[in-house]
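For the sequence shown, the positions run 1 to 58 when the UniProt record's numbering is used. Below: the structure, in structure tokens.
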Amino acid sequence: MMRCPLCSSVSHIRTSRYITEQTKESNYQCTRLECSCAFKTNESVSKIVKRENLKRKI
1 MMRCPLCSSV
11 SHIRTSRYIT
21 EQTKESNYQC
31 TRLECSCAFK
41 TNESVSKIVK
51 RENLKRKI
């Protein structure tokens with residue numbers, strides 16, 4: 001969830017799509033009727049904090 005950049009109210013995702021395997025674009029809309037701002041965000045992986053060792057099946 002992101003807050004509206006104009007009024008700071010709660011916003012909900014309306015649609016989203018993957019641009020790459022590690023980047024997602026989301027379209028948000030503000031829930032405050034008087035505002036109804038629509039905006040886009042990009043979410044991406046910036047760092048892997050912990051990685052478990054995955055055993056390969058042969």
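All residues carry an ideal CB built from backbone N, CA and C; glycine is no exception.
**Asked** Under a three-way DSSP split, which group does SER46 fall into?
**Response** As a first step, residue 46 must be located in the sequence shown, where it is residue number 46. In this structure, SER46 counts as coil in the three-state DSSP scheme.
Worksheet item: So which of TYR18, GLN22, HIS12, LYS55 has the shortest CA-CA distance to LYS47?
Response: Taking the sequence shown and counting its residues from 1, one reaches residue 47 at position 47. Per the Cα distances, GLN22.
For LYS24, report the span of its beta strand (DSSP E) as first-last. For the purposes of this step, residue 24 is taken as residue 24 along the sequence shown, with counting starting at 1. Per DSSP, LYS24 belongs to the beta strand (DSSP E) from 23 to 30.
Where TYR28 falls, given that 16 or more other Cβ within 10 Å makes a residue buried:
Counting from 1 along the sequence shown, the entry for residue 28 is found at position 28. TYR28 is buried by the Cβ-count criterion.
| said: MET1 and SER11 - do their beta-carbons sit closer together than 9 Å? | reply: Your numbering for residue 11 matches position 11 in the sequence shown. Your numbering for residue 1 matches position 1 in the sequence shown. Contact flag set, yes.
Reference PRO5, options ARG14, GLU25, LYS24, THR41, closest by Cα = Along the sequence shown, one-based indexing puts residue 5 at 5. The residue with the shortest Cα to Cα distance from PRO5 is THR41.
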